[in-house]
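Number of protein chains: 2
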Amino acid sequence: MPRSGAEARRRLREAALELYLERGFDQTTAAEIAARAGVNERTFFRHFPDKREVLFDGDGDLRAALAQAVAEAPDGLEPFAVLLHAFRRSAQELENTRPYSEPRWKVIAATPALRERELAKHAWLVEAVAEALRRRGTAAGVADLAARTGWAAYQHAVQAWVDEPAQGLSVHLERAFDELRALSSTAPPGPDRTPPN
Amino acid sequence: MPRSGAEARRRLREAALELYLERGFDQTTAAEIAARAGVNERTFFRHFPDKREVLFDGDGDLRAALAQAVAEAPDGLEPFAVLLHAFRRSAQELENTRPYSEPRWKVIAATPALRERELAKHAWLVEAVAEALRRRGTAAGVADLAARTGWAAYQHAVQAWVDEPAQGLSVHLERAFDELRALSSTAPPGPDRTPPN
DNA sequence: CCCCGTTGTGTCAGTAACTGGCACTACGTA
DNA sequence: TACGTAGTGCCAGTTACTGACACAACGGGG
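These protein sequences, in sequence, are chains A and B.
Per the UniProt record's numbering: the first sequence = residues 1 to 197.
Per the UniProt record's numbering: the second sequence = residues 1 to 197.
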């Protein structure tokens, strides 16, 4: 009975998260998730290509939102300022939905296979950010470098915020970019040649 | 016959790479790899925890080399200068072994599951770099930020080098760090507040 | 020289992630 | 009311991986 499709998908997401939390990702079978969601195991794999992806269903929207935030940044901004603009929006969303997202983070952090998938998703987001920068006219090479390093700073800030939520994520974000400026301003341009060994 | 153990392992690495190149990762079974290496399928999984890991066997050494290069950088250098020192060494190794490594890169680039694993390995390397920085006295937060962003710049350089090998990797590496300095020096410290929506 | 602990391997049975194919059911629409 | 479509159940099959047990080669000590 194909009542809604989207409904089954929602229940599958829910059931998967619950079970992953209760008994761990590795100790949970796709059949169990499907059973709790009231559908067949086969149906699970029709909605999600694999057992991990069920936890990353919202990443498509996130990617779109990120690209849009980059596109909507005021004209004339330098690449890092554009990224700061976009990351602030994304960070706002993170702060708002933290209570809902936290159990999900917990499962991912505890499961190597899920952390792998998360890194892959991040790479996918970085590509979107780089492309959005290019659309604004940023040179391809610079866009790639800015997206990669800017994302790295963002992730550092998120980690710091998770460890120390007292200060808002936006505070950590500003600090990360400030510290990055301090770090890179000290690097000597000259090569320090070491003898080849 | 446990002639050597390390020998079987070497043959397994070799056979796996060959088969992944010939017919693709997904179209290759562990049993086939084992057969070509002259051992049992079970033996494959005794040497490698899964089908992907067989392509990343050298990453332990790389991690150690990277940590050592960070440790051996001259005293008194700022974090990014230390990283530049370490990445130059790593880059030298990359340039030297490129012909041997290229087929491996090709397989990884063509296989999503392998790119996932590669990203996980990179995260593991970044952790090692951050820890090595901390051992030198760099504050934990700064070490994490520097390792993440420095690695991002390094990977940008590697990508640029793969796309355009005419200039050496070290040239791309210097340029990446220079461009990163230029990028981050332009970011405005003040927050540009956008109304919450 | 033989005994023995260690290490690497082969074999077998089993679990579970996924996939393809086919039939069926609900639903919107002409 | 007939029909196309989307979502689902069921079944059979492949393959990644695991645990258990037995066996073979090697090394050293008596």
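Don't be surprised by glycine CBs; every beta carbon is placed ideally from N, CA and C.
Sequence-distant residues of the same chain with beta carbon closer than 7 Å to residue i, five excluded per side
i: A:Val126; result: Ala147, Arg148, Trp151
i: A:Leu84; result: Phe177
i: A:Gly38; result: Arg11
i: A:Arg9; result: His47
i: A:Ala140; result: Arg134
i: B:Arg13; result: Val54, Asp57
i: B:Asp59; result: Lys121
i: B:Thr28; result: Leu19, Tyr20
i: B:Glu41; result: Ala30, Ala31, Ala34
Residue range of the unbroken alpha helix (DSSP H) whose run includes residue i
i: A:Lys106; result: 79-110
i: A:Ser170; result: 169-186
i: B:Thr149; result: 140-163
i: A:Asp59; result: 59-72
i: B:Glu53; result: Run containing B:Glu53: none; DSSP gives neither H nor E here.
i: B:Ala31; result: 30-37
Proximal residues to residue i (C-beta, below 8 Å), its chain only, five neighbours per side dropped
i: A:Arg115; result: Ile108, Ala109
i: B:Leu77; result: His85
i: A:Phe45; result: Ala30
i: A:Gln167; result: Trp161
i: B:Ser101; result: Leu94
i: A:Ser4; result: none
Reduced DSSP category for residue i - H, G, I as helix; E, B as strand; rest coil
i: A:Thr43; result: helix
i: B:Gly137; result: coil
i: residue 223 of chain B; result: This structure leaves residue 223 of chain B out entirely; chain B is present only between 1 and 197.
i: A:Ala120; result: helix
i: B:Ala130; result: helix
i: A:Ala15; result: helix
i: B:Ala113; result: helix
i: A:Asp75; result: coil
i: B:Pro196; result: Annotation note: pLDDT 40 at B:Pro196 (below 50); position unreliable, coordinate value reported separately. Of the three classes helix, strand and coil, the one that applies to B:Pro196 here is coil, per DSSP.
Contact test: residue i Cβ vs the ligand NAD heavy atom, cutoff 8 Å
i: A:Gly58; result: In the structure on display, the ligand NAD does not appear, and there are no ligands present to speak of.
Nonlocal neighbours in the same chain, by C-beta distance under 6 Å from residue i, ignoring five residues either side
i: B:Ala71; result: Ala132
i: B:Glu95; result: Leu169
i: A:Thr138; result: Pro79
i: A:Ala143; result: Ala130, Leu133, Arg134
i: A:Arg175; result: none
i: A:Ala69; result: Ala86, Arg89
i: B:His156; result: Ala176
i: B:Ala91; result: Leu169, Ser170, Leu173
i: A:Thr111; result: Phe25
Assumed close pair residue i, residue j - CB separation to whole angstroms, cut-off 8 Å
i: B:Arg117; j: B:Phe56; result: 6 Å
i: A:Pro79; j: B:Leu183; result: 6 Å
i: A:Arg104; j: A:Leu17; result: 6 Å
i: A:Ala81; j: B:Leu145; result: Not a contact, Cβ separation roughly 19 Å.
i: A:Thr43; j: A:Ala31; result: About 11 Å; that fails the 8 Å criterion.
i: A:Leu66; j: A:Ala120; result: In fact, because the Cβ distance is near 16 Å, the residues do not count as touching under 8 Å.
i: B:Ala6; j: B:Arg36; result: Not a contact, Cβ separation roughly 18 Å.
i: B:Ser185; j: A:Arg181; result: 6 Å
Does the segment 41-54 of chain A come close enough to the segment 152-162 of chain B that 3 or more CB-CB pairs lie under 8 Å?
no
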